[in-house]
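Have a look at the structure below, then the notes.
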Amino acid sequence: MLGLQVTPPQFPALGSSLPVAILFLLHIAIAEFSVGVITLAAAMEWRAALTGDARAARYARAAANSYYLVFSLGATFAVFAVVLLIGLWGNEFGRLINVFIPLVAFAFGLFLVLTPMLAVYRNSFGRIGPRAHASLGAAVALVQTLFVVLIVSLDAYLITPFHGGLLESALDPPYIPLLIHRLIGNVSWTALFLAGYAAIKLHRSADGEERGFQAWAAWVNLRIGLVTALLMPVEGYALMLVLNNSQQGFFNNLVSGSTAWLMVLQEAFVAVVLVGGNVALIAEQRGSANGEGRDTIGLVAVGVSLAGMVVAALPSSVLPSGAETVRFVGLGAALVVTAVHLALRWHRRPIPAGDIAASALTLGRRALVTVGAFSLLTALLMGVIKESARGSYAVYGELTQAQAQQQFTPSGSLYP
Numbered sequence: 004m005l006g007l008q009v010t011p012p013q014f015p016a017l018g019s020s021l022p023v024a025i026l027f028l029l030h031i032a033i034a035e036f037s038v039g040v041i042t043l044a045a046a047m048e049w050r051a052a053l054t055g056d057a058r059a060a061r062y063a064r065a066a067a068n069s070y071y072l073v074f075s076l077g078a079t080f081a082v083f084a085v086v087l088l089i090g091l092w093g094n095e096f097g098r099l100i101n102v103f104i105p106l107v108a109f110a111f112g113l114f115l116v117l118t119p120m121l122a123v124y125r126n127s128f129g130r131i132g133p134r135a136h137a138s139l140g141a142a143v144a145l146v147q148t149l150f151v152v153l154i155v156s157l158d159a160y161l162i163t164p165f166h167g168g169l170l171e172s173a174l175d176p177p178y179i180p181l182l183i184h185r186l187i188g189n190v191s192w193t194a195l196f197l198a199g200y201a202a203i204k205l206h207r208s209a210d211g212e213e214r215g216f217q218a219w220a221a222w223v224n225l226r227i228g229l230v231t232a233l234l235m236p237v238e239g240y241a242l243m244l245v246l247n248n249s250q251q252g253f254f255n256n257l258v259s260g261s262t263a264w265l266m267v268l269q270e271a272f273v274a275v276v277l278v279g280g281n282v283a284l285i286a287e288q289r290g291s292a293n294g295e296g297r298d299t300i301g302l303v304a305v306g307v308s309l310a311g312m313v314v315a316a317l318p319s320s321v322l323p324s325g326a327e328t329v330r331f332v333g334l335g336a337a338l339v340v341t342a343v344h345l346a347l348r349w350h351r352r353p354i355p356a357g358d359i360a361a362s363a364l365t366l367g368r369r370a371l372v373t374v375g376a377f378s379l380l381t382a383l384l385m386g387v388i389k390e391s392a393r394g395s396y397a398v399y400g401e402l403t404q405a406q407a408q409q410q411f412t413p414s415g416s417l418y419p
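In the numbering used here, the protein residues as written are 4 to 419.
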């Protein structure tokens, strides 16, 4: 309390916004990866427990270990960010924490349960029954996901500060679409990122068994990442409809205000993900070392997805008045053709890595690495857009950024 009533300083040289933004972006990248990778680990371990698939079991163990290794790092960046938030944005922090005291206490109290669960889970692979261990992994993923379910309430409140508290905040209009978008996105970009990582491991390995596993890991991660990526624009459109009806000013900033150029940039990033995903699908099935055939379906998918996303990313200054629908047509065409291409490739097992032509392996690796990198950038850009669209507000329509940096001076009735 005393700390919040000290006159907030300015961070040297960088100002008050940039240091907090950098730390929160680092935290968000690691936190979203954590949620995505433990979800994938739990799903793969259940697949291994039910089918005996050794590759799925190895995948689950590696994913769980990754989650274990970055678990504390994400929290560390969050602590640094919150310390800066308290010091530089004391009024905003004080107000928000008083609105969300029950939620914050419960959400962060989950880590008192999650931390020992994770330690037991990570160190008990092969020591307890497969289904019992898979159940423990599912419980870890559930508790981690519950934290996201709670913390998204803060995001929704910053846009529509209508409801606060532990449960009432879920009534804020953007809450449900924001939550669904976050949960799908965590899995999507994490899987695509892991697909790129597997492609690099495949390239660097000379062991036949290791190359076989990494080829399979890239194959399965690409499919998981793409199918979830295809859902995100649809869910994002639903979110835009909600914002249009509940917070018109915020919506206008997104589509025609100071943040509109970031939306165009986001479309360009999504274009790289979709087109690159189609290229990767071509590469994994592209002929053997004895000869390569023309992949008409794949080439059509790449061409249509590229053309569609170019149209979707056109700025308003290029489009005739009233022709905004053209963007949705372009985006829809790119999504549909990618979905069809993915469905046609879904059950086809990849050609063994040793039988694929070197040019196809190189093409696939570059495509997967590019898709993985841009999927991460897209996820981070979405967070930047959400913050930027509030304009001069820290809490939209209620607390300006200038007010947010002032001293926190609660009413006398708040703290008797």
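Glycine included, every Cβ here is placed at the ideal spot set by N, Cα and C.
On a predicted model such as this, the values are computed, not experimentally measured, just so you know.
How would you call residue i, buried or exposed, if buried means at least 16 neighbouring beta carbons within 10 angstroms?
i: Thr-262; result: buried
i: Asn-293; result: Confidence at Asn-293 is low in this model, with a pLDDT of 43, below 50, so its placement is unreliable and no value can be given for it.
i: Asn-248; result: exposed
i: Leu-302; result: exposed
i: Arg-64; result: buried
i: Leu-197; result: buried
i: Ser-156; result: buried
i: His-136; result: buried
i: Ser-19; result: buried
i: Asp-358; result: Only weak support exists for where Asp-358 lies, its pLDDT of 49 falling under 50; the coordinates are left without a value.
i: Gln-13; result: exposed
i: Val-398; result: buried
i: Arg-393; result: buried
i: Pro-15; result: exposed
i: Gly-280; result: buried
i: Asp-1; result: Missing from the structure shown is residue 1; the chain here goes from 4 to 419 and no further.
i: Val-86; result: exposed
i: Pro-180; result: buried
i: Asn-126; result: exposed
i: Leu-338; result: buried
i: Val-116; result: exposed
i: His-184; result: buried
i: Gly-1; result: An answer regarding residue 1 cannot be provided, because it is not within the stretch 4 to 419 covered by the chain.
i: Ala-108; result: exposed
Within this structure, are the beta carbons of residue i and residue j separated by less than 8 Å?
i: Phe-80; j: Leu-43; result: no
i: Thr-193; j: Val-40; result: yes
i: Ser-37; j: Tyr-62; result: no
i: Ala-110; j: Gly-367; result: no
i: Ala-57; j: Arg-50; result: no
i: Val-276; j: Thr-381; result: yes
i: Val-307; j: Ala-271; result: no
i: Leu-205; j: Ser-391; result: no
i: Gln-404; j: Ser-395; result: yes
i: Val-143; j: Leu-186; result: no
i: Gly-167; j: Val-102; result: yes
i: Ala-67; j: Tyr-124; result: yes
i: Leu-268; j: Leu-384; result: yes
i: Leu-246; j: Pro-177; result: yes
i: Ser-378; j: Leu-195; result: yes
i: Gly-97; j: Pro-323; result: no
i: Leu-106; j: Leu-169; result: yes
i: Val-230; j: Leu-345; result: yes
i: Gln-288; j: Arg-348; result: yes
i: Ala-45; j: Gly-140; result: yes
i: Leu-309; j: Val-278; result: yes
i: Ala-407; j: Glu-95; result: yes
Pick from the options: whose alpha carbon is nearest that of residue i?
i: Phe-331; options: Gly-311, His-350, Leu-347; result: Gly-311
i: Val-282; options: Ala-159, Val-305, Gln-269, Trp-264; result: Val-305
i: Met-47; options: Trp-219, Leu-229, Lys-389; result: Trp-219
i: Gly-453; options: Tyr-240, Gly-228, Gly-77; result: In the structure as shown, the chain begins at 4 and stops at 419. Residue 453 is therefore absent and cannot be evaluated.
i: Ser-191; options: Leu-234, Arg-348, Ser-20, Gly-260; result: Leu-234
i: Val-237; options: Ile-33, Ala-405, Leu-334, Ala-135; result: Leu-334
i: Gln-251; options: Gln-269, Phe-27, Thr-163, Ala-122; result: Thr-163
i: Glu-327; options: Leu-347, Leu-384, Ala-144, Ser-259; result: Ser-259
i: Leu-371; options: Val-223, Arg-130, Gly-400, Ala-241; result: Val-223
i: Glu-171; options: Leu-115, Leu-153, Ala-84, Ala-407; result: Leu-153
i: Leu-99; options: Leu-309, Ala-159, Ala-52, Leu-149; result: Ala-159
i: Ala-32; options: Gly-386, Phe-411, Ile-300, Leu-402; result: Gly-386
i: Leu-91; options: Ser-320, Ser-138, Leu-17; result: Leu-17
i: Leu-72; options: Thr-118, Ile-104, Val-82, Glu-95; result: Thr-118
Which partner residues does residue i have in the DSSP bridge list?
i: Val-398; result: Leu-402
> Could you give the uninterrupted runs of the alpha helix (DSSP H) lying entirely in the region 190–267, keeping only those of 4 residues or more?
Replying inline: 211–249, 251–258
> Quick one: complete beta strand (DSSP E) runs, 3+ long, within the region 367–399?
Replying inline: 396–398
>> Please give me, in chain order, every unbroken run of the alpha helix (DSSP H) with length at least 4 that falls completely inside the region 124–172.
In response: 133–162
> What alpha helix (DSSP H) runs, 4 residues minimum, are completely inside the region 295–335?
Replying inline: 299–315
> In the region 65–124, which residue ranges form an unbroken beta strand (DSSP E) of at least 3 residues, counting only runs that do not cross its ends?
Replying inline: none
> Counting only runs that start and end within the region 8–44, where is the alpha helix (DSSP H) found for 4 or more residues in a row?
Replying inline: none
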